[in-house]
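Asker: Just passing along the structure, written as structure tokens.
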Ligand SMILES: *Cc1c(COP(=O)(O)O)cnc(C)c1O
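In our numbering, the protein residues as written are -4 to 371.
As structure tokens, this is what we get:
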């Protein structure tokens, strides 16, 4: 059987070992050290917009920190995109806050501004003014930020940008991750660059940055008194992983190029009567195309999809659906939701194509050949 083709696998550039070794030989291996600082400042320079960063042990913990900085606590409502990974909503639940799920729109597959506003009006009418809005740049595609931020401003409710998948993407030339009031990245193994596991919080100033570092370090008072000002967390990134981040950062732009090249290939080769790729709708949107994703058009989508699943298995190609809507997840009881079922439709009709930055031309060819065959 031919080698397995994965949706998104780690991509080493060969320098990781060197940097990690340096962390080890200098004996700076825990949650303080040169590489953490360097990784943070490299990222700050890259994303611009005068932001400050905090390297953490995962994207999920970065979201948790973002909610804490905004002051979300038990019983607060938080508006949250329903078409996403469970990690988008879990930190809301850690805080015993209440997620209110918002559907996506058809252009970007991200939070629909109309349903966001409908939800805001309704929640406020019910006396439940939401504390925050969590927007995702799904699969790397920037959301409709002009509209979403206009609404956030008008209702004076801050936005957390879950840009876990969107490092290297931008909206109107501004980097994803910096568009909301707070943002996060993930460096999990399947993301565009990886520290094996890891994440980053993007905040606006030194005060927020210090506060996040404090909460991520057991909320230990910075005056060295060994007092703890609150319940804290152990969420800082280790210097070993910081070293890996510095190494991986060096090829970030190349990874964006490679993933975009995959997407261009799929755009050229996929049968447009059957497959509709997630697309940049105009020049404002620049996606890193972390994953190239498609939906199957037409009435016959169920048959086409089951063919694809079967053929992918036969050809040793990993298959994955688009996100199962969070408001339908079995672990949530009676979730509140505003929408018209578009996220459900994405799940039913959609799937992810192999999108690794280290996909070879012949692997891309294998995938597109299978996608041709499934129509027969
Ligand atoms: C990967 C991911 C996360 C979580 O990141 P981890 O580093 O795995 O904790 C959060 N949100 C989205 C949309 C993701 O894809």
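No residue lacks a Cβ here, since even glycine has one placed at the ideal position from N, Cα and C.
Which first and last residues belong to the beta strand (DSSP E) in which residue 195 is found?
Answerer: Within the chain shown, residue 195 is the residue found at index 200, counting from 1. Looking at the DSSP string, the run of the beta strand (DSSP E) that includes residue 195 is 194 to 198.
Asker: Does the Cβ-Cβ distance between residue 207 and residue 49 come in under 8 angstroms?
Answerer: In the chain shown, counting from the first residue as 1, residue 207 sits at position 212. In the chain shown, counting from the first residue as 1, residue 49 sits at position 54. Yes; because the gap between Cβ atoms is below 8 angstroms, this pair is in contact.
Asker: I'd like to know if the stretch 93 to 104 and the stretch 27 to 41 are in contact, where contact means that at least 3 CB-CB pairs between them fall below 8 angstroms.
Answerer: As far as the Cβ criterion goes, the stretch 93 to 104 does not touch the stretch 27 to 41, which means the pair count is below three.
Asker: With C-beta atoms as the reference, is residue 180 less than 8 angstroms away from residue 211?
Answerer: By one-based count along the chain shown, residue 180 stands at place 185. By one-based count along the chain shown, residue 211 stands at place 216. No, the Cβ-Cβ distance between residue 180 and residue 211 is not below 8 angstroms.
Asker: Shorter than 7 angstroms, the distance from the beta carbon of residue 61 to the closest heavy atom of ligand 1, or not?
Answerer: Indexing the chain shown from 1 puts residue 61 at position 66. Checking every heavy atom of ligand 1 against the Cβ of residue 61, none is found closer than 7 angstroms.
Asker: Rounded to whole angstroms, how far is the Cβ of residue 189 from the Cβ of residue 5, which I believe are closer than 8 angstroms?
Answerer: As a working mapping, residue 189 is identified with position 194 in the chain shown. As a working mapping, residue 5 is identified with position 10 in the chain shown. About 5 angstroms separates the two Cβ atoms, so the contact holds.
Asker: Between the Cα of residue 13 and those of 169, 361, 239 and 342, spot the shortest distance and give me the residue it belongs to.
Answerer: Along the chain shown, read from residue 1 onward, the residue named residue 13 stands at position 18. It is 239.
Asker: Out of 306, 87, 136 and 63, state which residue places its alpha-carbon closest to the alpha-carbon of residue 273.
Answerer: Taking the chain shown and counting its residues from 1, one reaches residue 273 at position 278. Nearest option by C-alpha distance: 136.
Asker: Exposed or buried, residue 261, counting other C-beta atoms within 10 Å across all chains shown (16 or more means buried)?
Answerer: Mapped onto the chain shown, residue 261 falls at position 266. Result: buried.
Asker: Please classify residue 300 as buried or exposed, where buried requires at least 16 other C-beta atoms within 10 Å of its C-beta.
Answerer: Looking up residue 300 in the chain shown gives position 305. So residue 300 counts as buried.
Asker: Quick one: using the 10 Å Cβ neighbour count with 16 as the cut-off for buried, is residue 163 buried or exposed?
Answerer: As a working mapping, residue 163 is identified with position 168 in the chain shown. It is buried - the Cβ of residue 163 has at least 16 other Cβ atoms within 10 Å.
Asker: Would you mind sorting residue 176 into buried or exposed? The rule is 16 or more other CB atoms within 10 Å of its CB.
Answerer: For this step, residue 176 is matched to residue 181 along the chain shown. Under this definition residue 176 is a buried residue.
Asker: Tell me whether residue 264, by its Cβ, gets closer than 7 angstroms to a heavy atom of ligand 1.
Answerer: Along the chain shown, one-based indexing puts residue 264 at 269. Not so, every heavy atom of ligand 1 lies at least 7 angstroms from the Cβ.
Asker: Taking contact to mean at least 3 C-beta pairs separated by less than 8 angstroms, is the stretch 263 to 271 in contact with the stretch 124 to 134?
Answerer: The stretch 263 to 271, when compared against the stretch 124 to 134, does not touch it at the 8 angstroms Cβ threshold.
Asker: Got a sec, what are the start and stop residues for the beta strand (DSSP E) residue 290 sits in?
Answerer: For the purposes of this step, residue 290 is taken as the residue at position 295 of the chain shown. Taken as a continuous stretch (DSSP letters only), the beta strand (DSSP E) holding residue 290 covers 287 to 291.
Asker: For residue 59, count the other beta carbons within 10 Å of its own beta carbon; 16 or more makes it buried, fewer makes it exposed. Which is it?
Answerer: Position 64 of the chain shown, counted from the first residue, corresponds to residue 59. Residue 59 is buried by the Cβ-count criterion.
Asker: Determine whether the beta carbon atoms of residue 10 and residue 242 lie at a separation below 8 angstroms.
Answerer: In the chain shown, counting from the first residue as 1, residue 10 sits at position 15. In the chain shown, counting from the first residue as 1, residue 242 sits at position 247. Closer than 8 angstroms, so yes.
Asker: What is the rounded straight-line gap between the Cα of residue 236 and the Cα of residue 15?
Answerer: Translated into the one-based positions of the chain shown, residue 236 becomes position 241. Translated into the one-based positions of the chain shown, residue 15 becomes position 20. For residue 236 and residue 15, the distance between alpha carbons rounds to 7 angstroms.
Asker: Using the rule of at least 16 other Cβ atoms within 10 Å of the residue's Cβ for burial, across every protein chain shown, is residue 71 buried or exposed?
Answerer: Counted from its first residue, the chain shown places residue 71 at position 76. Classification for residue 71: buried.
Asker: Which residues does DSSP pair with residue 271 in a beta bridge?
Answerer: Here residue 271 corresponds to residue number 276 of the chain shown, with the count starting at 1. DSSP output for residue 271 lists 290 as bridge partner(s).
Asker: Compute every distance between the C-beta of residue 183 and the non-hydrogen atoms of ligand 1, then say whether any falls below 7 angstroms.
Answerer: As a first step, residue 183 is located in the chain shown; it is residue number 188 there, counting from the start. Residue 183: yes, Cβ under 7 angstroms from ligand 1.
Asker: So is the beta-carbon of residue 79 under 7 angstroms away from any non-hydrogen atom of ligand 1?
Answerer: Residue 79 sits at position 84 when you count from the first residue of the chain shown. Under cutoff, so the answer is yes.
Asker: Nearer than 7 angstroms: is that true of the beta carbon of residue 50 relative to any heavy atom of ligand 1?
Answerer: Mapped onto the chain shown, residue 50 falls at position 55. No.
Asker: Smallest Cα separation from residue 316: which of 339, 310 and 322?
Answerer: Residue numbering aside, residue 316 sits at position 321 when the chain shown is read from its first letter. Taking only the C-alpha atoms, the option nearest residue 316 is 339.
Asker: For ligand 1, is there any heavy atom lying closer than 7 angstroms to the beta carbon of residue 55?
Answerer: Working through the chain shown from its first residue, we reach residue 55 at position 60. It does: the Cβ of residue 55 is within 7 angstroms (strictly closer) of some heavy atom of ligand 1.
Asker: In chain order, what residues of the same chain lie with their CB nearer than 6 angstroms to the CB of residue 185, ignoring the 5 residues before and after it?
Answerer: The residue labelled residue 185 in the question sits at position 190 within the chain shown. Closer than 6 angstroms at Cβ, skipping near neighbours: 3.
Asker: In three-state terms, what does DSSP make of residue 367?
Answerer: Here the question's residue 367 lines up with position 372 in the chain shown. Of the three classes helix, strand and coil, the one that applies to residue 367 here is helix, per DSSP.
Asker: Below 8 angstroms CB to CB, which residues in the same chain sit around residue 247 once its five sequence neighbours on both sides are set aside?
Answerer: Start at 1 with the first residue of the chain shown, and residue 247 comes out as number 252. Closer than 8 angstroms at the Cβ level, and outside the excluded window around residue 247, lie 41, 162, 163, 187 and 188.
Asker: Does any heavy atom of ligand 1 sit closer than 7 angstroms to the C-beta of residue 205?
Answerer: Along the chain shown, one-based indexing puts residue 205 at 210. Incorrect: residue 205 has no Cβ contact closer than 7 angstroms to ligand 1.
Asker: For residue 231, count the other beta carbons within 10 Å of its own beta carbon; 16 or more makes it buried, fewer makes it exposed. Which is it?
Answerer: In the chain shown, the residue the question calls residue 231 occupies position 236. Buried.
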